[in-house]
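Asker:
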Amino acid sequence: MTTILENLLLNDRGIAFDPATGETYRLIGPAVHLVRLLQRGANNDDLLRYLLEEYAVDEATARRDLEVFLGTLEQMKLWEEAA
Amino acid sequence: MSVSSPCIAVSGLHRGENPQPGAAIIRSLRRRFPHIHIVGLAYDVMESGIYAENGPDDVHLMPYPASGSHALLDRIDAIRRQTPFDLFIPTLDAEIEVFAAMHDDFAARGIRTWLPTVNVLKRRAKQHLPLLAKFSGVRVPPTRIASDVAEACKVGDELGYPLFVKGPYYDARAAHNFTQLMTAAAHLLSEWGQPIILQRRISGPEFNVLGVGDGEGGWFGHCCIRKTQLSDKGKGLSGITVADAHLSKFCARLVHELKWPGPFEIEVIREESTGEYVLIEFNPRFPAWIDFPSMLGANFAALLVEFLQTGERPAALPDCAPGSFYVRHQIEVVGDINRYADLLKGELPGLFADDPGADTKTKFPA
Chain S
35 MTTILENLLL
45 NDRGIAFDPA
55 TGETYRLIGP
65 AVHLVRLLQR
75 GANNDDLLRY
85 LLEEYAVDEA
95 TARRDLEVFL
105 GTLEQMKLWE
115 EAA
Chain D
853 MSVSSPCIAV
863 SGLHRGENPQ
873 PGAAIIRSLR
883 RRFPHIHIVG
893 LAYDVMESGI
903 YAENGPDDVH
913 LMPYPASGSH
923 ALLDRIDAIR
933 RQTPFDLFIP
943 TLDAEIEVFA
953 AMHDDFAARG
963 IRTWLPTVNV
973 LKRRAKQHLP
983 LLAKFSGVRV
993 PPTRIASDVA
1003 EACKVGDELG
1013 YPLFVKGPYY
1023 DARAAHNFTQ
1033 LMTAAAHLLS
1043 EWGQPIILQR
1053 RISGPEFNVL
1063 GVGDGEGGWF
1073 GHCCIRKTQL
1083 SDKGKGLSGI
1093 TVADAHLSKF
1103 CARLVHELKW
1113 PGPFEIEVIR
1123 EESTGEYVLI
1133 EFNPRFPAWI
1143 DFPSMLGANF
1153 AALLVEFLQT
1163 GERPAALPDC
1173 APGSFYVRHQ
1183 IEVVGDINRY
1193 ADLLKGELPG
1203 LFADDPGADT
1213 KTKFPA
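Same order as they appear, the protein sequences are chains S and D.
Take 35 as the starting number for the first sequence in the numbering used here and just add one per residue.
Take 853 as the starting number for the second sequence in the numbering used here and just add one per residue.
If you want it as structure tokens, here you go:
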């Protein structure tokens, strides 16, 4: 995984700041913790486990939501899934 | 700090929609040296910084830079007879062009300043940026110059749209088609004269980097920001500090190539499609946002004064941590009509000299 996600400065109120580009992002809901997990090197299974443990959601929905979330990060060039 | 109290002249006092750097420099200097004596050199009595709280202690009017070095020197000599300043921080592109040729005149009078030579100044002029970029190993947008409207239109067709048309010192206008280019070129030529510079527009976020070059290829410090809000003239209404080694290296190459002495501001765009930095301008002065880093502990104006005063290499300024931002804030300042009249009368002798009723005509009841 190559990512600039690791460099983001993230506060508890969901504001992420890229110190190199000056870009700011607003993260809402589980996104804050998911980004923190990714910054610590979590893989997709870890992320899925977190969603299932913390939110009343079935696995199919959690997988779909996670896919959308990671797709958004990729689209924003913040994160790239390992080949 | 060990600097004794110098008397410092600063120009470019106007703030407002398109602020000049002088008032912000004065604020920075006062932060570090609260009792320093500052002489404001103004080109117009309506320069707002004249009337700012904690602004200059004395203000004198100057003839416009286009009057030439003799007129400027005569005026400086006259001002120094009243207020003998020993350091000078010029801040306007047009005056720096003239002052850069006056090193010997300043030295002979004991006025210390930190300016490039004419040749170095010329190398970073807008029309010479492609060559500077080539020697520095950085990118610039495709750039051409033109000396009349017809030539501008021909060059515009070759460069392609959209593009920016710029005056040699100030002003830039976007042109998305032939008609807009004609209008912009005619306006800039009539306003600023030739040449005009045509630059292909690069899309992406804008970054500004300020610093003070040491004249030997390095710098005493620098501060990088990304502009986060732009005025309709493209001026940064707000900016946030960033720290990107690629951006710092990009600017270091330019400063190294020029062996730049003194204040600078480098304008850069990070091209959206490639992520590469592209040089837009190299300004030979502090920017209007100079007081922002001094509020973060990196006082570039004070550093410059310290260097001019002692001649010793100052300690490098601390890096500005990423994530601090400024927002430009405009306020009204109060002037007094008597002061206005005094400035006109006292500072431009001759204006009322032949007018025996000058006093009554220019004084208003308090």
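Built from N, CA and C at the ideal position, the CB exists for glycine as well.
These numbers were taken from a predicted model, which means no experiment stands behind them.
Runs of 4 residues minimum, wholly inside the stretch 908 to 932 of chain D: which ones carry the alpha helix (DSSP H) assignment?
Answerer: The qualifying runs do not exist here; there are none.
Asker: Applying the 10 Å Cβ sphere with the 16-neighbour rule, what's the burial state of K978 (chain D)?
Answerer: In the second sequence, the residue the question calls residue 978 (chain D) occupies position 126. Buried, since its Cβ has 16 or more Cβ neighbours within 10 Å.
Asker: Step through the CB atoms of chain S and report whether any lies within less than 8 Å of the CB of E1092 (chain D).
Answerer: The count along the second sequence starts at 1 and reaches residue 1092 (chain D) at position 240. In the sequence as presented, Glu is not what sits at residue 1092 (chain D); that position holds Ile. Cβ-Cβ to chain S under 8 Å: yes for I1092 (chain D).
Asker: Span of the alpha helix (DSSP H) holding Q1051 (chain D)?
Answerer: By 1-based counting over the second sequence, the position of residue 1051 (chain D) is 199. No alpha helix (DSSP H) contains Q1051 (chain D), which is instead part of the beta strand (DSSP E) from I1048 to R1052.
Asker: For E1109 (chain D) versus N1060 (chain D), is the C-beta spacing smaller than 8 Å?
Answerer: Position 257 of the second sequence, counted from the start, is the residue given in the question as residue 1109 (chain D). Position 208 of the second sequence, counted from the start, is the residue given in the question as residue 1060 (chain D). Not a contact, by the Cβ cut-off of 8 Å.
Asker: Mind pulling the alpha helix (DSSP H) runs of 4 or more residues that sit fully within the stretch 927 to 967 of chain D?
Answerer: 945 to 951 and 955 to 961, all fully within the stretch 927 to 967 of chain D.
Asker: Among D:E1133, D:W1141 and D:E905, which one has its Cα closest to the Cα of V812 (chain D)?
Answerer: Because chain D spans 853 through 1218 in this model, residue 812 (chain D) falls outside it and cannot be assessed.
Asker: Here's the rule: buried if 16 or more other CB atoms are within 10 angstroms of the residue's CB, otherwise exposed. What is K1079 (chain D)?
Answerer: Start at 1 with the first residue of the second sequence, and residue 1079 (chain D) comes out as number 227. So K1079 (chain D) ends up on the buried side.
Asker: Taking C-alpha atoms, which residue in D:G1088, D:H1074, D:Q872 and D:K1101 lies nearest to N1151 (chain D)?
Answerer: Counting from 1 along the second sequence, the entry for residue 1151 (chain D) is found at position 299. Answer by Cα proximity: D:H1074.
Asker: I'd like to check one pair, I948 (chain D) with W973 (chain D): are the Cβ atoms closer than 8 Å?
Answerer: In the second sequence, residue 973 (chain D) corresponds to position 121, counting from 1. In the second sequence, residue 948 (chain D) corresponds to position 96, counting from 1. Rather than Trp, the amino acid found at residue 973 (chain D) in this sequence is Leu. Cβ distance < 8 Å, so L973 (chain D) and I948 (chain D) count as in contact.
Asker: Can you tell me which of the three DSSP states V1219 (chain D) falls into?
Answerer: Residue 1219 (chain D) lies beyond the residue range present for chain D, which begins at 853 and ends at 1218; the question has no answer from this structure.
Asker: Please confirm if P1174 (chain D) has its CB atom under 8 Å from at least one CB of chain S.
Answerer: If you number the second sequence from 1, residue 1174 (chain D) lands on position 322. Closer than 8 Å to some Cβ of chain S, the Cβ of P1174 (chain D) qualifies, so yes.
Asker: Helix or strand or just coil, what does DSSP make of G48 (chain S)?
Answerer: To locate residue 48 (chain S), count along the first sequence from 1; it is residue 14. Reduced to three states, the DSSP call for G48 (chain S) is coil.
Asker: So what's Q1182 (chain D) in DSSP terms, helix, strand or just coil?
Answerer: Walking along the second sequence from the start, residue 1182 (chain D) turns up at place 330. Coil, per DSSP.
Asker: Which word fits L43 (chain S), buried or exposed, when buried means at least 16 other C-beta atoms lie within 10 angstroms of its C-beta?
Answerer: Taking the first residue of the first sequence as position 1, residue 43 (chain S) is located at position 9. Exposed, by the Cβ-count rule.
Asker: Can you name the residues of chain S whose CB is closer than 8 Å to the CB of D1096 (chain D)?
Answerer: Within the second sequence, numbered from 1, the residue matching residue 1096 (chain D) stands at position 244. Per Cβ cutoff of 8 Å: P53, A54 and T55.
Asker: Helix, strand or coil for R83 (chain S), going by three-state DSSP, please let me know.
Answerer: Residue mapping note: residue 83 (chain S) aligns to position 49 of the first sequence, counting from 1. In the structure shown, R83 (chain S) sits in a helix (DSSP, three-state: H, G or I).
Asker: Would a check of beta-carbon distances place P1047 (chain D) closer than 8 Å to chain S?
Answerer: Looking up residue 1047 (chain D) in the second sequence gives position 195. With 8 Å as the cut-off, P1047 (chain D) does not count as an interface residue toward chain S.
Asker: What residues in its chain sit with their C-beta under 7 Å from that of P53 (chain S), if we drop five residues either side in the sequence?
Answerer: Here residue 53 (chain S) refers to the residue found at position 19 of the first sequence. So the list reads N41 and L43, once near-sequence residues are dropped.
Asker: Looking only at its own chain, which residues have a Cβ that is under 7 Å from the Cβ of N1029 (chain D), when we skip the five neighbours before and after it?
Answerer: Position 177 of the second sequence, counting from 1, holds the residue named residue 1029 (chain D). Result list for N1029 (chain D): Y1013, in chain order.
Asker: Are the CB atoms of G1065 (chain D) and V1107 (chain D) within a distance shorter than 8 Å?
Answerer: Taking the first residue of the second sequence as 1, we reach residue 1107 (chain D) at position 255. Taking the first residue of the second sequence as 1, we reach residue 1065 (chain D) at position 213. Yes, the pair counts as a contact, with Cβ atoms nearer than the cut-off.
Asker: According to DSSP, is P1145 (chain D) helix, strand or coil?
Answerer: Within the second sequence, residue 1145 (chain D) is the residue found at index 293, counting from 1. In this structure, P1145 (chain D) counts as helix in the three-state DSSP scheme.
Asker: In whole angstroms, what separates the C-alpha of I1049 (chain D) from that of K1018 (chain D)?
Answerer: Indexing the second sequence from 1 puts residue 1049 (chain D) at position 197. Indexing the second sequence from 1 puts residue 1018 (chain D) at position 166. For I1049 (chain D) and K1018 (chain D), the distance between alpha carbons rounds to 5 Å.
Asker: In chain D, which residues lie with their C-beta within 7 Å of the C-beta of L44 (chain S)?
Answerer: As a first step, residue 44 (chain S) must be located in the first sequence, where it is residue number 10. Here the premise fails: no neighbours, minimum Cβ distance about 11 Å.
Asker: Starting from D1066 (chain D), trace the beta strand (DSSP E) both ways and give me its first and last residue.
Answerer: In the second sequence, the residue the question calls residue 1066 (chain D) occupies position 214. Here the beta strand (DSSP E) through D1066 (chain D) covers E1058 to D1066.
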